[in-house]
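**Q** If you scroll down you'll find the structure; I have some questions about it.
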Amino acid sequence: MSSSHNRNPTGRNQHPPVPGIDDPRLVAALEKYHREGISSNEVIRERLFAELTLTMSKETVKRRRKELGLLGSRSKRSTLSDKEMEQIVLQQLDKDPAKGQGIATIKSGIAYDQGIHLKRDFISGVMHIHDADAFLARAPGASSIERFDKVPLGIHERWSCDGHDKLYRIGFPVWAIVDDATGRWLGAWVVPSNRMAEIIGFLFLKAVEAYRGLPLQTTTDCGSETTQFYGLSNALRQIFFPEYDLNDLPAHCYLRSVHNISIERSWLRLRLELGNNAVLEYEKGAESGVFRPEDELHFLLSRWLWSRVLQQEIDSFMAKRNAKRTRKNNKKAGPSGCSPNDAFCLPEQHGLKNLLLPLTDEQLAVVAEIKDAMGEQEDQIPRSILSLPGVAALLLEQANTDTSDAGFGLTDDASAVLASAQQFQAKASDLRLGKKPSVNRNPDTAGLNKFKNLAKARQVVAERKAKRDEVNLVGIGNGIKVSATLWSITEGQNKMVQIAGIRVAQVFGPDKPTQSALDVLLQSVQKTFSDRHPDAELLTWPLISLYAHETQQKYVSLDYFERERPMSQFFNEFLKGKLAADNMLKDKKIEIRFVFFTDQVFHDRQNLNESSCLPSGRSKASSRLLTASAFISKSKRPKIVEEALASAIASSNQSISMRGKSFEFAIPSIPASRPTPILRSAFRPPIPSFSWTRDVSMVTCTFLRMAASYTPTNGLRVDFETSEEIEEIEIAAKWEKADEPGYIGEGFTKRGIYARFKGREYVVTQPIDLCMTDESVLQVLKAEYSLLCIGDTLKREFDQYAKECSVVSIPKFYFNFKESILGRLRPSLSSESRHLPHSFFIATPLLRCGNLDSKIKKFTGNDEFGEAHDHLTKAIHAFTHFTAVYTHESLVLCDLQGLYDSQKIMCLIDPQAHTATKQDNTCHEYWDRGPEMLKSFLRKHEPACRDNWICQALNLSDAIVEKKGGSPLKANSEAQLEMQDSLSFSSAQNDADVDKSTSCLSPTLSSATSKVIVAPSLTPSPRGLSAAAESIPNENIEALWHKASEDASKATGAST
């Protein structure tokens, strides 16, 4: 095709540009991965994103590798002859005169040194031909050591440290640090002596500075050279991270060498691949006479030169070992089948966390100051060499170099760390010898922060225990391994996109409740996601949908599953629907997706797209509809999902109407399916076992209930009647302190206590003030309970009025009143005492309030409405406006707040109110501020009322409220009432049309006290509404409402 017909000659599209081979960062990274022996384009793609934040597809990675000539073993075989490949293997074998390297080591060495990938079988054949005896020499010995399974939580959980003495033979000892979870070498140094405490402490600070943080723990053997290391690790963690208690989670652990396995097993590879060869070469020089150890100059120069040469070789050795892929082992608790670099750079992909305790720049400056005070600069030539005649003049530009000690003046922070380290160092030997020393607590961490500080350390201990339990479950074949990934949906695209680099996995017992297991997984995903996107919304269950993951293209919704059931039944859903590969199901492994809508989590508060809360947008209801229509594999749909789909389509096809006329939202097309015959069965499945959210010892108490009732004809009076039936409620035995299981929480005036009533969980509320009399307590609780009762009644009136106005799309919410209790405790028959400080209490059903559940959401304050960025807030603001209109401005509910219940419906708790007849007693004064605040509260709502589509749909600002059988009360000014009259009755010849219009546009609220007549001045006509819906069918309901209002105003002006 000629360029004249090419509509996109530049080749640019909606995707961002991808770096080419002219990008030095990309070229360096691809060459590095090639030397590491990585040939998987998927792994390379993930490493590029994790290390350089470069985003490109697998196909692009493959093209770039081909352009650079970085090909795998199969491609190289076609370009190299067998003789050439054999010579490459022999050259690598020549580098190992000690014959300690195996096939995998030789293969990775060739890839790293020469950038050539050869097949393992070919290398094995060459080695068996040329050096078959070496395989027998490398056979495992007969010595056996008692072994324990490692159960790592994440990288930087433990740094395993030790010294290597095999090179002491030639005078070059080594000291190193290895990450316990991944086996990755974090640092190894050639040192004058690895038996000096100052050197070991200096190297530890150097590693802390390099990784910009502290590990949770460090481990060494019980050598005396580790005492300063012990002091520094404890002092730094206690001062910089006091929330990790040293008694519960020691900063340093002393282990026997056979148990400090991560570093100990690494020495073998260092000896076989480097150490033995270095010793042979060093002694070969002495035997040949080139090097004379008895000559002082030869000896000192060899110390200096060989230490640097060996350091370079060790650095190269670490790079190779960190890049070498380990063998896959499904029984291993930690990562396998990947290189240490992969597991360290992508911990979430391998079921690990990043547990590094990061240091701030100021804290790192303290570490650097202490390190500089302890030792010389790395590149400084030792004074022992400079002191020889002529050496200083030969090696340094200035002959008279001042080599005297520099004076170090430590800052207060550094001095405090060293002072604390010395205290810990004095007690290190007790611990090395098996005596448990007492830990000095930082005085700044005592007092109010005590429970907080203990919590973090104990949390790590609890996680380790849970991990060990997982390993035990896998060992007996009883555990269910669940892997979870995070996906997003962009509104309007109907396509899931995986969030790269977020993947967690955990093993659960078959009896564990599914909801608890999913909470654990979501919490891990949430932490990683929040670290990457601190400005995004927290990933809580109201924002998340659950899917079974089969492949990248196949996934099935699991929102229908009852999560109170155990994990064994959750796994059975995968078995019945074959929602995973057969080999995974055989090993009891399943994979799930957490899915969220992008604009729910990432949004700009100033430019929020409010239509997303409507059925055509991103609400939870729409998510279920979208799930059913676009994200459920039809062949895999369970019957219950089919039923949910039919219900969602039926409810969504209901027309959303205003003022008697309606329009319909565009519903995603659903493939037609064959009608399913109905099978009627008398069988009833057993009720799933219920598990309490808290394991608490309970005390049974008896009480008498005080029932509340409210009718609008009584004004603001709520009637109470005490029942004579004695009922029982269970209350937590221990609730006084914040760390006790029965403690729920407390505010300024009230305290919440865990309770159970008739198989449900409740929260019992009482005043905090212990000096209040029973009469005062009853007065306060009655006032609060009355507001719950009034709010519940007015909400029903609000729903009825909205129904008469044909507004059916208002988000649901309710007050936590229906199953609540106002009661009086009866004293114990044995002791005439009661379990709570007061006799009277309020008990309401306990809402989920975990870390992954929605937090308490505030909709209105005590003295102002606040802004409304979503439709639920607009609905509650409209309800608040309605309470004032309905009660003739005698009452307005305020301080409305609540939580989502298990059905994802907002439950309002603890409302307050301003009344026109404020009581003078003190129990009302802290929330009821009388008629002035009531009017001020409503005035602040006036600007927002014009933009609140629900207020406008219900026409609350222009309503006339009539007492039943009485004269009308003006809701607004006289001018507005006169305008209403003139618009309704201006023309006698149009009486019939006016009556017809008024009957259509004036719904009546069925109430014992009031009738609301809607003024048609701001009401869109059927014609205007229809025109709006026809002209912009894809816009949201609020935009349609404003468009219809404008058309109605124009039509009214034209007719006039």
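Taking UniProt numbering, the leading residue of the sequence shown gets 1, the next gets one more, and so forth. Every residue gets a Cβ at the ideal spot worked out from N, C-alpha and C, and that includes glycine.
#1: What are the boundary residues of the beta strand (DSSP E) that includes Pro767?
#2: With a threshold of 6 Å on Cβ separation, who are the neighbours of Val61 within its own chain once the five nearest residues in sequence on each side are excluded?
#3: So who's on the other strand from Asn354, going by DSSP bridges?
#4: Need the endpoints of the alpha helix (DSSP H) that His259 sits in, please.
#5: Starting from the N-terminal side, write out each stretch of the alpha helix (DSSP H) that is 4 residues or longer and does not extend beyond the stretch 191-247.
#6: Go through the stretch 570-604 residue by residue and report every complete run of the alpha helix (DSSP H) that reaches 4 residues or more, in order.
#7: Less than 7 Å between the beta carbons of Phe594 and Leu486, yes or no?
#8: What residue range is occupied by the uninterrupted alpha helix (DSSP H) comprising Pro943?
#9: Between Asp511 and the rest of its own chain, which residues show a CB-CB distance below 6 Å, the 5 nearest in sequence each way excluded?
#10: Hey, quick one: how far does the alpha helix (DSSP H) through Met374 stretch, first residue to last?
#11: When the Cα of Arg63 is compared with those of Ala484, Gly20, Met85, Lys782, which residue comes out closest?
#12: Contact between the stretch 166-177 and the stretch 343-355: three or more CB pairs below 8 Å?
#13: With DSSP as the reference, label Cys771 as helix, strand or coil.
#14: Can you name the start and end residues of the beta strand (DSSP E) that Cys345 belongs to?
#15: Relative to the alpha-carbon of Ala733, which residue among Arg694, Phe882, Thr749 has its alpha-carbon at the smallest distance?
#16: Could you tell me which uninterrupted beta strand (DSSP E) segments, each at least 3 residues in length, are contained entirely in the stretch 110-137, listed from first to last along the chain?
#17: Let me know the secondary structure DSSP gives Ala1008 once reduced to three states.
#18: Are there 16 or more other CB atoms within 10 angstroms of the CB of Ser936, so buried, or fewer, so exposed?
#19: Taking C-alpha atoms, which residue in Asp870, Tyr785, Leu822 lies nearest to Pro811?
#20: If we ignore side chains and look at the alpha-carbon of each, how far apart do Thr749 and Lys904 end up?
#21: Can you name the start and end residues of the beta strand (DSSP E) that Val507 belongs to?
#22: Excluding five sequence neighbours on each side, which residues of the same chain lie with their C-beta closer than 8 Å to the C-beta of Thr573?
#23: Once you ignore the five residues that flank Val27 on each side, which residues in its own chain have a CB closer than 8 Å to its CB?
#24: Count the other CB atoms within 10 Å of the CB of Pro192; is the residue buried (16 or more) or exposed (fewer)?
#25: Which value, in whole angstroms, describes the spacing of the CA atoms of Asn8 and Pro16?
#26: For the structure I just gave you, are there three or more beta carbon pairs, one from the stretch 734-747 and one from the stretch 701-714, closer than 8 Å?
#27: Could you spell out the range, first to last residue, of the alpha helix (DSSP H) harbouring Arg756?
#28: Can you tell me which of the three DSSP states Lys858 falls into?
#29: Could you spell out the range, first to last residue, of the alpha helix (DSSP H) harbouring Gln42?
#30: Based on Cα-Cα distance, which residue from Arg212, Glu273, Ser786 lies nearest to Gly715?
#31: Just to confirm the assignment, what range does the beta strand (DSSP E) spanning Arg705 have?
#32: Quick check on Arg64: does DSSP put it in helix, strand or coil?
#33: Going by C-alpha to C-alpha distance, which of Gly171, Ala197, Tyr211 sits closest to Asp179?
#34: Apply the 10 Å Cβ neighbour rule to Ser257 and answer buried if 16 or more other Cβ atoms are within range, or exposed otherwise.
#35: When we look at the beta-carbon of Gly791 and count the other beta-carbons within 10 Å, is it buried (16 or more) or exposed?
#36: Near Ala137, which residues of its chain fall below 7 Å by C-beta distance, leaving aside the five closest residues on each side in sequence?
**A** Well, looking at it:
#1: Walking along the sequence shown from the start, residue 767 turns up at place 767. It spans 760-767 - the beta strand (DSSP E) in which Pro767 sits, taken as one unbroken run.
#2: The residue labelled residue 61 in the question sits at position 61 within the sequence shown. Asn41, Ile44, Arg45.
#3: Start at 1 with the first residue of the sequence shown, and residue 354 comes out as number 354. According to DSSP, which records beta bridges pairwise, Asn354 is partnered with Ile155.
#4: The count along the sequence shown starts at 1 and reaches residue 259 at position 259. Taken as a continuous stretch (DSSP letters only), His259 belongs to no alpha helix (DSSP H), as it is neither H nor E.
#5: If one requires a minimum length of 4 residues, the alpha helix (DSSP H) runs lying completely within the stretch 191-247 are 197-211, 227-240, in chain order.
#6: 582-586, 598-601
#7: On the sequence shown, residue 594 is found 594 positions in, with the first residue counted as 1. On the sequence shown, residue 486 is found 486 positions in, with the first residue counted as 1. Yes, these two residues count as a Cβ contact at 7 Å.
#8: Taking the sequence shown and counting its residues from 1, the one referred to as residue 943 is at position 943. Per DSSP, Pro943 belongs to the alpha helix (DSSP H) from 930-947.
#9: The residue labelled residue 511 in the question sits at position 511 within the sequence shown. Closer than 6 Å at Cβ, skipping near neighbours: Pro566.
#10: The residue you call residue 374 lines up with position 374 of the sequence shown. Its alpha helix (DSSP H) spans residues 361-374.
#11: The residue you call residue 63 lines up with position 63 of the sequence shown. The residue with the shortest Cα to Cα distance from Arg63 is Gly20.
#12: no
#13: Position 771 of the sequence shown, counted from the start, is the residue given in the question as residue 771. Note: Cys771 maps to coil in three-state DSSP.
#14: For the purposes of this step, residue 345 is taken as the residue at position 345 of the sequence shown. No beta strand (DSSP E) holds Cys345; the alpha helix (DSSP H) holding it covers 340-345.
#15: Residue 733 sits at position 733 when you count from the first residue of the sequence shown. Ranking the options by Cα distance to Ala733, first place goes to Arg694.
#16: none
#17: Residue mapping note: residue 1008 aligns to position 1008 of the sequence shown, counting from 1. Low per-residue confidence applies at Ala1008: pLDDT is 44, beneath 50, and the placement is therefore not dependable, though the value from the model is reported in the following sentence. Coil.
#18: For this step, residue 936 is matched to residue 936 along the sequence shown. Burial call: exposed.
#19: Taking the first residue of the sequence shown as position 1, residue 811 is located at position 811. The option with the nearest alpha carbon to Pro811 is Asp870.
#20: Mapped onto the sequence shown, residue 749 falls at position 749. Mapped onto the sequence shown, residue 904 falls at position 904. So the two alpha carbons sit approximately 29 Å from each other.
#21: Start at 1 with the first residue of the sequence shown, and residue 507 comes out as number 507. Its beta strand (DSSP E) spans residues 496-508.
#22: The residue given as residue 573 occupies position 573 in the sequence shown. Just to set this straight, residue 573 is Glu in the shown sequence, not Thr. Within the same chain, Glu573 has close Cβ partners Ala548, Leu558, Phe561, Leu579, Pro638.
#23: Locating residue 27 in the sequence shown gives position 27, where the first residue counts as 1. Closer than 8 Å at the Cβ level, and outside the excluded window around Val27, lie Ile21, Leu68.
#24: For the purposes of this step, residue 192 is taken as the residue at position 192 of the sequence shown. Flag for Pro192 reads exposed.
#25: Sequence index remark: in the sequence shown, residue 8 carries index 8 (1-based). Sequence index remark: in the sequence shown, residue 16 carries index 16 (1-based). The alpha-carbon atoms of Asn8 and Pro16 are separated by roughly 15 Å.
#26: They do not touch, by the three-pair rule.
#27: As a first step, residue 756 must be located in the sequence shown, where it is residue number 756. In this chain, Arg756 is not harboured by any alpha helix (DSSP H); it is covered by the beta strand (DSSP E) spanning 750-757.
#28: For the purposes of this step, residue 858 is identified with residue 858 of the sequence shown, where counting begins at 1. Assigned with DSSP and collapsed to three states, Lys858 falls in strand.
#29: On the sequence shown, residue 42 is found 42 positions in, with the first residue counted as 1. Looking at the sequence shown, residue 42 is not Gln but Glu. Unbroken alpha helix (DSSP H) run through Glu42: 41-52.
#30: Here residue 715 refers to the residue found at position 715 of the sequence shown. For Gly715, the nearest C-alpha among the options comes from Ser786.
#31: Here residue 705 refers to the residue found at position 705 of the sequence shown. It spans 698-709 - the beta strand (DSSP E) in which Arg705 sits, taken as one unbroken run.
#32: For the purposes of this step, residue 64 is taken as residue 64 along the sequence shown, with counting starting at 1. DSSP places Arg64 in the helix class (H, G or I) of the three-state scheme.
#33: Counting from one through the sequence shown, the residue named residue 179 turns up at place 179. Nearest option by C-alpha distance: Tyr211.
#34: Your numbering for residue 257 matches position 257 in the sequence shown. Classification for Ser257: exposed.
#35: Here the question's residue 791 lines up with position 791 in the sequence shown. The residue in question, Gly791, is buried, as its Cβ has 16 or more Cβ neighbours within 10 Å.
#36: Position 137 of the sequence shown, counting from 1, holds the residue named residue 137. Closer than 7 Å at the Cβ level, and outside the excluded window around Ala137, lie Lys99.
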